[in-house]
Amino acid sequence: MSQEKLRADIQMIQRILPHRYPFLLVDKVEEIDGTSSAVGYKNVTMNEPHFQGHFPGTPIMPGVTIVEAMAQTAGVMVGVALEQMDKEMLIYFMSIDKCKFRRKVVPGDVLRMDLKTVRGKPGGKVWRFSGIATVEGEMAAEAEFMAMLDLPKEDA
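Each residue of the sequence shown is one higher than the one before, starting from 1 at the first, in UniProt numbering.
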């Protein structure tokens with residue numbers, strides 16, 4: 001019997017991640033399958049501050065923000081699975097590996113981020129994820145990354 005997959009809208013995302021404008025880079029997360037996998041979406045719009053300087057006249061989403069958006073998607077996945085809403089969970093990058101960029105991401109694109117947990121389990125601090133970001137089915141970026149979960153201490 002298959003379990004129903006979970007989702008997180010922008011209100012739920014803000015209850016899990018501490019990020020806010022201009023650094024909240026995921027708009028919704030769907031198909032959350034526990035801590036195993038999830039799909040995040042970022043609607044890329046011209047009014048984002050990085051487009052003022054990257055590159056003027058030819059706006060391109062910086063690769064580092066694509067990787068950050070993938071990491072935020074992983075954070076939401078873990079936060080939903082571990083019920084971390086309103087608990088001030090923090091996640092810190094530890095490494096970024098096998099990172100490649102394949103396509104420009106520009107205003108008007110919808111960035112889809114497919115994330116999988118490579119290593120990590122509830123109660124563990126160090127997690128490893130792999131992600132692929134696509135636009136209309138075309139690969140824009142891929143990366144593996146490690147992160148450390150800083151879960152708040154439960155009240156005694």
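Even for Gly, the Cβ is constructed at its ideal location relative to N, Cα and C.
A quick note: this is a predicted structure, and the numbers were derived from the prediction, not measured.
Among the options, nearest to residue i - alpha-carbon criterion
i, options, result
"residue 144", "127, 4, 39 and 30", "127"
"residue 85", "6, 17 and 4", "17"
"residue 138", "148, 114, 33 and 30", "114"
"residue 43", "52, 12 and 24", "24"
"residue 148", "75, 57, 108 and 83", "75"
"residue 123", "152, 46, 4 and 141", "152"
"residue 26", "62, 46 and 71", "71"
"residue 49", "40, 41, 93 and 65", "65"
"residue 125", "146, 63 and 6", "146"
"residue 121", "36, 61 and 63", "36"
Paired residues, beta bridge with residue i - DSSP
i, result
"residue 41", "28 and 112"
"residue 143", "131"
"residue 117", "129"
"residue 6", "32"
"residue 138", "135"
Length of the line joining the Cα atoms of residue i and residue j
i, j, result
"residue 100", "residue 91", "22 Å"
"residue 78", "residue 130", "14 Å"
"residue 156", "residue 87", "In this prediction, residue 156 scores a pLDDT of 42, lower than 50, which makes its location untrustworthy; the coordinate-derived value is nonetheless stated afterwards. Cα to Cα, residue 156 sits roughly 15 Å from residue 87."
"residue 33", "residue 8", "12 Å"
"residue 58", "residue 20", "25 Å"
"residue 1", "residue 11", "Low confidence applies to residue 1: its pLDDT is 43, below 50, so where it sits in the model is not reliable enough to give any reading."
"residue 55", "residue 68", "19 Å"
"residue 89", "residue 150", "6 Å"
"residue 103", "residue 45", "17 Å"
"residue 47", "residue 94", "30 Å"
"residue 135", "residue 5", "23 Å"
"residue 158", "residue 73", "Lying outside 1 to 156, the shown extent of the chain, residue 158 is not represented and no answer is given."
Start-to-end residues for the alpha helix (DSSP H) that takes in residue i
i, result
"residue 134", "Unbroken run through residue 134 is the beta strand (DSSP E), 126 to 135; no alpha helix (DSSP H)."
Collapsed DSSP secondary structure at residue i in the structure displayed
i, result
"residue 16", "helix"
"residue 68", "helix"
"residue 61", "coil"
"residue 77", "helix"
Extent of the continuous beta strand (DSSP E) to which residue i belongs
i, result
"residue 98", "90 to 101"
heavy atom of the ligand SAM below 7 Å from residue i C-beta
i, result
"residue 33", "For the ligand SAM, the structure offers nothing, since it holds no ligand at all."
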